[in-house]
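Under my numbering, the sequence shown has 48 at position 65, and the numbering climbs by one with no breaks. Even glycine gets a Cβ: it sits at the ideal position worked out from N, Cα and C.
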Amino acid sequence: MNPQTQELLQAKLNLETAMISWKELQRFFATGVVIWVDDALDMVDVALKISEDDSAAVADWLNFGQLARVSDEQALRWFEDDAMLWSVVVKPWILVQEKQ
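Written out as structure tokens, the structure is:
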């Protein structure tokens, strides 16, 4: 991907990032498409790498535990806390990150 196209995609993903309640995401969690992003990572950068199919970066994050499907324990905690999360869609995934 050329740098200009990459910048445009990054700007688009940034604009599509929004806060959403966990309760609105539960049905997507049930289908296994909600992915947790560690606070140490920039969620928009992660979304960009996924959209570019950068399997090396994604594999590193998975191996270091910085990217994972939302666990049942996380889901329960977010439900009980009525959590609001940052989210962005990179089909077929919905990336989420706890607000800081």
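Are the CB atoms of residue j and residue i within a distance shorter than 8 Å?
i	j	result
Trp69	Gln80	yes
Leu31	Gln(-7)	yes
Ile18	Arg60	no
Phe62	Lys(-5)	no
Val27	Asn(-3)	yes
Going by DSSP, what residues sit across from residue i in a beta bridge?
i	result
Met67	Ser4
Trp19	Ala51, Val79
Val73	Trp76
Pop quiz: residue i and residue j are said to be a contact at Cβ under 8 Å. What is the actual Cβ separation, rounded to whole angstroms?
i	j	result
Val41	Leu78	Not a contact, Cβ separation roughly 11 Å.
Ser34	Val73	5 Å
Pro75	Val16	6 Å
For residue i, does the count of other Cβ atoms within 10 angstroms reach 16, so buried, or fall short, so exposed?
i	result
Leu8	buried
Phe12	buried
Suppose the cutoff is 8 Å on Cβ atoms and the five residues either side in sequence are ignored; what does the same chain contact list for residue i look like?
i	result
Met2	Met67, Leu68, Trp69, Ser70, Lys82
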